[in-house]
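Chains as they are written, first to last, in this note's numbering: chain A, 1 to 280; chain B, 1001 to 1506.
Glycine included, every Cβ here is placed at the ideal spot set by N, Cα and C.
Structure first, then comments.
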Amino acid sequence: MKLSIEIAVDSVIDTLRGLRWSEYAPFFWILAAQWLFLAMSTQLHTAWGMSFVAPIVRLAGGLENLHYPAFYGYLSILLGWVESFLYVVPGALLIPLMLLRYYARTDRALSLGAGAASRLAGAFFPTLLAGLAGVGCIWGWQRFASPGIMAAWRQWMSEPMGGTLGWLAVTLGGYGILTLLLYVPVAAVQARTNPLRAIGYGIRFGLRSWPVTLVFSVIYGAPAVLIQFLLERQGVLVVSRLRPEFIAVLLGVYALATSVATYLTYGTAARLYRAARGEK
Amino acid sequence: MARHILRTLLVALAATLVVGCGGGAERASLYRAEKLLYEARKAEEEQRLGSVEPDSAALMKLRAIYLKVGKSAPGPHAVTAAGEAGEVARATIRAVGVAAASGARLALAARRADLALEAAERLQTDSASDTVTSRQAAFMAVAAYQGLRRYEDAIAQMKRILVTYPPLPPPPNGEDPVLAIPGAIVSLRRNLGDEEGAGRELRSALEYFTSLLDRPMVPELEAQVRARILRASLELNQTDRALQEANTLERLVGGTPELRHLLAEVAFAKGKLKATVERDPSEGIGILDRVSTDFPTSPLAARSLLEAATILEQKGQTANARERYEAVLRRFPNSQDVAPLALYRLGIVQEKMGEWMLAKATLEMVPLRYPRSAAAAEAPMAVIQHYMKEGRRTAAQLYFAKAITTYRQLVERDSSGQVAPLFRVKMFQIFAASGDSTGVYSITEEMLRNDSRHPYTAQILVQAARASIGFGNRQRAAAYLRRFLRDYPKSPVAGQVKRELQNLGG
Chain A
1 MKLSIEIAVD SVIDTLRGLR WSEYAPFFWI LAAQWLFLAM STQLHTAWGM SFVAPIVRLA
61 GGLENLHYPA FYGYLSILLG WVESFLYVVP GALLIPLMLL RYYARTDRAL SLGAGAASRL
121 AGAFFPTLLA GLAGVGCIWG WQRFASPGIM AAWRQWMSEP MGGTLGWLAV TLGGYGILTL
181 LLYVPVAAVQ ARTNPLRAIG YGIRFGLRSW PVTLVFSVIY GAPAVLIQFL LERQGVLVVS
241 RLRPEFIAVL LGVYALATSV ATYLTYGTAA RLYRAARGEK
Chain B
1001 MARHILRTLL VALAATLVVG CGGGAERASL YRAEKLLYEA RKAEEEQRLG SVEPDSAALM
1061 KLRAIYLKVG KSAPGPHAVT AAGEAGEVAR ATIRAVGVAA ASGARLALAA RRADLALEAA
1121 ERLQTDSASD TVTSRQAAFM AVAAYQGLRR YEDAIAQMKR ILVTYPPLPP PPNGEDPVLA
1181 IPGAIVSLRR NLGDEEGAGR ELRSALEYFT SLLDRPMVPE LEAQVRARIL RASLELNQTD
1241 RALQEANTLE RLVGGTPELR HLLAEVAFAK GKLKATVERD PSEGIGILDR VSTDFPTSPL
1301 AARSLLEAAT ILEQKGQTAN ARERYEAVLR RFPNSQDVAP LALYRLGIVQ EKMGEWMLAK
1361 ATLEMVPLRY PRSAAAAEAP MAVIQHYMKE GRRTAAQLYF AKAITTYRQL VERDSSGQVA
1421 PLFRVKMFQI FAASGDSTGV YSITEEMLRN DSRHPYTAQI LVQAARASIG FGNRQRAAAY
1481 LRRFLRDYPK SPVAGQVKRE LQNLGG
């Protein structure tokens, strides 16, 4: 079946109408882990808080940032690494679980039991690989392409507009990369597939539906992007003018926005994939 | 089975956390200290941004916030430990040191120098293993001793710093404060009215700086040390040594582009030497004039103009001198170490040029414009001396009341300031000259109350005793002399005072 704007709009509407806690729950666990980490980050003045966070900071290579209030300037970067880990590693299990719970609406065999477990196991590696590839590509994009893009925008337009639009272009680029890999877990939980075929199908569908997927994922992600903009562009102001701990609160809201947006994005992607294959 | 796996995973996680964060408690302690220091700074910033200047009570409250930092990170800190543990311990002790220094600063501002001294002594003991912090504590103690008016202790502490802490290579566009200590000792002696002692300290300063050159040091530090040697030898009128040092410094500065700002020092020295040594000072004066235009941001810019003016005044070229005093006031009116003297000398030059009304107005302007300067103490006396020189005793005596009012206002403005004892001495001199016994007694009591153990108070006690004899009050004279012997037992005039007391039958 041909992909059309109508199908995409129907998928979005159906996703928004059909929100279910059981389907969102896997993302909530990731969110809970992020909130726990943020709560611990505000307790670095205690030995137990420091003992929990310091090894993670050491792993991220940012030990020199374990000072007050500089730590709060670094917290968004640190949370970025924690978020990447949670969505890639536990996410390799939790994202297919969310998708299976959605598909279980029409396929009772998937609701529990051995059928669901084998599909979860089969989806783990393709989802993990897609996640790792996504994080790697985003890292490369921000490391190598971002300075050039920012410079070009700044040359083209004066500040602060040049810098703002440059930042927006880099962020949109990140969304563009992730949406290409978005359908790998969706393809991986389908019946009668294998990891290689799932990756191939997922990327192929990602390319085919790229414009519409980009549009709805950006719309869902807009609140998170807004908070991210505030933190990255005005973070120093928040630290110096307000209480530095306010950064942790903002990051908590950002994590919630990202969690909901990810759930909605995968929900819509699952519906779109199914509709494009002519399934109901 | 599942329970077994879960238990193994939990144990592994706990083990990772414990192994991965050795020193968590120490890091947390550092973080806590930094957090409290940040909050204290923020509280002080908010207080200072308010419409009302914080009073002593508010300052003491702020100090209490800073003191929490030390309490949050109690020692001992393993500063000598190797690696990360040592780094964390050093950072902690430095955060505590910064907080203690801020607390001491606030205690001094709240006129509780005793608390500042206590904090400095405690910090010096606690941070003995960390040179940066113990150095900071040593400087805090100097400020506290000065606040307590224990000037001899302050000087002794400064000399201890010179022995204990060799100067460090300078930060960009700065210098180690240790280099400023010998000059500070000389200035303190001068402020205490001890010119002989100041000369002695100046010679010691020259010896100290010269001895530093025996050690290997970076060119930036060597240049700064040589600049100090140059200044000291200039002040001691060691012209050959000064010229030799100026040439060495010029070579050193010429080879290091980052030191070019020290060329002002070389030009100033050469200009001063030429202007004082040569019969015709014009070439030297020209060099000094150029320092002020070629290096307008250097602290020597104002000094060189003043120096040129003073030399010209000494050589009798009053019109040229006047021009430069006026230039100092026009170009550097806020230079507190140069401008007050320039305004005072301008008044004197105007008097010499026969423009008395203008001179009087200029001299009366000195206490108004620079109320915290020594020149403010000299200006009213210069007006009185003018009347005395002209034989106008009545005019001089009429001016006594105005001078007393001026000094009283200056003291009220800053009763514990560094120049306040000098203002009181001047009032004493006026009361003594006018035979006002009540004034003499009251100002002596005021000095005993406010400037106890100050060298000026020692002089005043002896003079007040002699004046009391003149006023027929031998009992009071004996009391002043006894107080002198109690407060200044090691004074070189103690023997003479004892004899005077015996003569009074005390």
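Cβ shell of residue i (< 7 Å), same chain only, five flanking positions each side left out
| i | result |
| --- | --- |
| B:Ala1085 | Gly1023, Glu1026 and Ala1078 |
| A:Gly221 | Tyr175 and Ala261 |
| B:Gly1193 | Pro1455 and Tyr1456 |
| A:Phe71 | Leu44 and Asn65 |
| A:Ser41 | Val53, Leu75 and Ala248 |
| B:Ala1184 | Met1158 |
| B:Ser1491 | Ala1458 |
Helix, strand or coil at residue i according to DSSP, with G and I counted as helix
| i | result |
| --- | --- |
| B:Val1018 | Bear in mind that a pLDDT of 49 at B:Val1018, under 50, signals an unreliable position, so the model cannot answer this. |
| A:Tyr220 | helix |
| A:Ser41 | helix |
| B:Ala1110 | coil |
| B:Ala1342 | helix |
| B:Phe1431 | helix |
| B:Asn1473 | coil |
| B:Pro1333 | coil |
| B:Gln1238 | coil |
| A:Ala275 | helix |
| B:Tyr1165 | coil |
| B:Arg1424 | helix |
| B:Thr1092 | helix |
| A:Arg243 | coil |
| A:Pro211 | helix |
| B:Pro1299 | coil |
| B:Lys1068 | helix |
| B:Gln1385 | helix |
| B:Gly1255 | helix |
| A:Gly163 | helix |
| B:Ser1029 | helix |
| B:Ser1517 | Outside the shown range of chain B, which is 1001 to 1506, sits residue 1517 of chain B, and nothing can be said about it. |
| B:Tyr1488 | coil |
| B:Tyr1456 | helix |
Outcome for residue i when other beta-carbon atoms lying within 10 angstroms are tallied against a minimum of 16
| i | result |
| --- | --- |
| B:Thr1394 | exposed |
| A:Pro160 | exposed |
| B:Ser1056 | exposed |
| B:Val1493 | exposed |
| A:Arg271 | buried |
| B:Lys1035 | buried |
| B:Ser1415 | exposed |
| B:Gly1357 | A small correction: the amino acid at residue 1357 of chain B is Met; Gly does not occupy that position in the sequence shown. The residue in question, B:Met1357, is exposed, as its Cβ has fewer than 16 Cβ neighbours within 10 Å. |
| B:Pro1340 | buried |
| A:Trp153 | buried |
| B:Pro1528 | Beyond the ends of chain B as shown, which are 1001 and 1506, falls residue 1528 of chain B; an answer cannot be given. |
| B:Gln1314 | exposed |
| B:Lys1426 | buried |
| A:Glu279 | exposed |
| A:Phe52 | buried |
| A:Ser209 | buried |
| A:Leu44 | buried |
| A:Ile77 | exposed |
| A:Trp156 | exposed |
| B:Ser1298 | buried |
| B:Ser1282 | exposed |
| B:Phe1423 | buried |
Residues of its chain near residue i, where Cβ-Cβ distance is below 6 Å and the 5 sequence neighbours each way are ignored
| i | result |
| --- | --- |
| A:Gln34 | Ala255 |
| B:Ala1101 | Gln1136 and Met1140 |
| B:Arg1476 | Ser1468 |
| A:Pro195 | Phe125 and Pro126 |
| B:Tyr1066 | Ala1040, Ala1099, Ser1102 and Gly1103 |
| A:Arg20 | none |
| A:Asp14 | Arg271 |
| B:Ile1285 | Ala1275 and Ala1308 |
Quick one: which unbroken beta strand (DSSP E) runs of 3-plus residues sit fully inside the stretch 1168–1218 of chain B? Chain order, please. none
Inside the stretch 52–135 of chain A only - alpha helix (DSSP H) runs reaching at least 4 residues: Counting only runs of 4 or more, we get 70–88 and 91–103.
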